[in-house]
Every structure is written in structure tokens, then in C-alpha cells.
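Undergrad: To convert a position in the sequence shown, counted from 1, into my numbering, add 8. Idealized CB from N, CA, C, for every residue including glycine. This is the structure I have questions about; it appears just below.
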Amino acid sequence: MMDPFRELALRDGRFSPEAFQFILDSLDHAIGLTGRSAEKGTDRHVTGRELLEGLKGYALELFGPLGAHVWRSWGIRSTLDWGKIVFLLVDSELLSRQDSDSIDDFRDAFEIDQVFEAYRAKLPPELGPHPASDEV
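Here you go:
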């Protein structure tokens with residue numbers, strides 16, 4: 009039997025199955041950032057903005073400055089795309105939501121390219137781009 013997250017991703021067709029899995033993997037990161045790791049049940053719930061912070065932090069850890077490229081390869085162009093995936097998961101009863109949760113929580117939270125460009129700017133010079141050289 010196919011993984012329900014992968015099945016949903018393939019059926020929907022807008023986003024890669026890896027994006028769906030990444031949300032699940034990032035949930036623990038988001039819960040940790042909010043300090044709710046020890047909580048149980050609905051007390052562990054994170055808002056859309058908190059989940060986005062978890063997605064961003066986890067992507068920076070895993071992919072570093074390549075994060076925007078990875079997300080684009082999954083079909084993610086904006087933070088709203090993450091919200092679309094979350095609400096697909098909610099509608100399929102693979103994630104739960106609270107009444108206060110809204111797709112708008114994911115709208116324009118940050119510019120994806122800027123997040124990962126900022127990371128690139130922090131790299132030590134020896135790991136950054138090298139200037140073109142005229143020497144042969």
C-alpha cells in the first residue's frame with residue numbers, strides 16, 4: 009500500500025511528495041522552537057507562522073544556501089504554497105487544525121530567496137563564490 013502522504017501529493021499534482029514529507033519532518037522542529045516538545049495532544053499545536061519558522065529553520069539546517077532551489081524543485085514558490093499543502097493534509101484528515109487556523113497564516117510570511125540568500129551571505133569567504141581570475 010502506498011504512503012498516504014505520497015498518494016495525496018501524486019493525486020494533487022502541484023507539489024512533490026518530498027514537500028509533503030518535509031512538512032511532517034519539520035513539525036517536530038517547529039514544536040521544538042515553540043518550546044512545546046514536552047506537551048501532549050493539542051497543546052503541541054503550532055500556528056501556520058510557527059510551522060513556517062520550523063520549515064525555514066529545518067531547511068537551513070538540511071540544505072543551507074541551496075534551500076530555495078530545493079523548495080522550487082518541489083513546486084514551492086512562496087510560503088502560501090506550504091499553506092496549500094497543510095490544508096490538503098487537513099482536508100484529507102492527515103493533519104488536524106484548530107478553528108483559528110487559516111490559509112492566510114501562510115500568506116507572504118517571508119521571501120524564500122531572501123532567506124537562503126541571507127544564509128549564503130553568512131558563509132565564510134573560503135566557501136563563498138570565488139572571483140574570476142585572469143590567470144591561466
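Anyone know if the C-beta pair for PHE4 and TRP90 falls short of 8 Å?
TA: The structure shown does not extend to residue 4, since the chain spans only 9 to 144, so no value can be given for it.
Undergrad: Taking only three categories from DSSP, how would you classify LEU63?
TA: In the sequence shown, residue 63 corresponds to position 55, counting from 1. Helix, per DSSP.
Undergrad: In chain order, what residues of the same chain lie with their CB nearer than 7 Å to the CB of ARG2, ignoring the 5 residues before and after it?
TA: It is not possible to answer for residue 2, since the shown part of the chain is limited to 9 through 144.
Undergrad: For the structure I just gave you, are there three or more beta carbon pairs, one from the region 59-66 and one from the region 18-35, closer than 8 Å?
TA: Yes, the region 59-66 is in contact with the region 18-35.
Undergrad: Compute the Euclidean distance between the alpha carbons of HIS77 and LEU18, then round it to the nearest angstrom.
TA: In the sequence shown, residue 77 corresponds to position 69, counting from 1. In the sequence shown, residue 18 corresponds to position 10, counting from 1. One C-alpha to the other measures close to 21 Å.
Undergrad: Among residues of its own chain, excluding the 5 on either side of ALA126, which ones have a beta-carbon nearer than 7 Å to its beta-carbon?
TA: As a position in the sequence shown, residue 126 is number 118, starting the count at 1. Excluding residues within five positions, none has a Cβ falling inside 7 Å.
Undergrad: Could you check whether LEU102 and PRO12 sit closer than 8 Å to each other, using their CB atoms as the reference points?
TA: Taking the sequence shown and counting its residues from 1, one reaches residue 12 at position 4. Taking the sequence shown and counting its residues from 1, one reaches residue 102 at position 94. Yes, the pair counts as a contact, with Cβ atoms nearer than the cut-off.
Undergrad: Let's see if you can read the secondary structure: which residues bound the alpha helix (DSSP H) around TRP90?
TA: As a working mapping, residue 90 is identified with position 82 in the sequence shown. Run containing TRP90: 87-99, per the alpha helix (DSSP H) assignment.
Undergrad: Give me the Cβ distance between SER86 and ILE120, rounded to the nearest whole Å; I'm assuming they're in contact under 8 Å.
TA: For the purposes of this step, residue 86 is identified with residue 78 of the sequence shown, where counting begins at 1. For the purposes of this step, residue 120 is identified with residue 112 of the sequence shown, where counting begins at 1. 7 Å between Cβ atoms; contact.
Undergrad: Use the C-beta contact count for LYS64: other C-beta atoms within 10 angstroms, 16 or more gives buried, fewer gives exposed.
TA: Here the question's residue 64 lines up with position 56 in the sequence shown. LYS64 comes out buried.
Undergrad: Taking 7 Å as the limit between beta carbons, can you name the residues of its chain near ASP20, skipping five residues before and five after?
TA: Mapped onto the sequence shown, residue 20 falls at position 12. Same-chain partners within the cutoff: LEU96.
Undergrad: Which residues in the same chain have their Cβ closer than 6 Å to the Cβ of SER204, if we skip the five residues on either side of it in sequence?
TA: Residue 204 is absent from the structure shown; the chain starts at 9 and stops at 144.
Undergrad: Would LEU16 pass as a contact of SER81 if the rule is Cβ separation under 8 Å?
TA: The residue labelled residue 16 in the question sits at position 8 within the sequence shown. The residue labelled residue 81 in the question sits at position 73 within the sequence shown. Against a cut-off of 8 Å, the Cβ pair of SER81 and LEU16 comes out as no contact.
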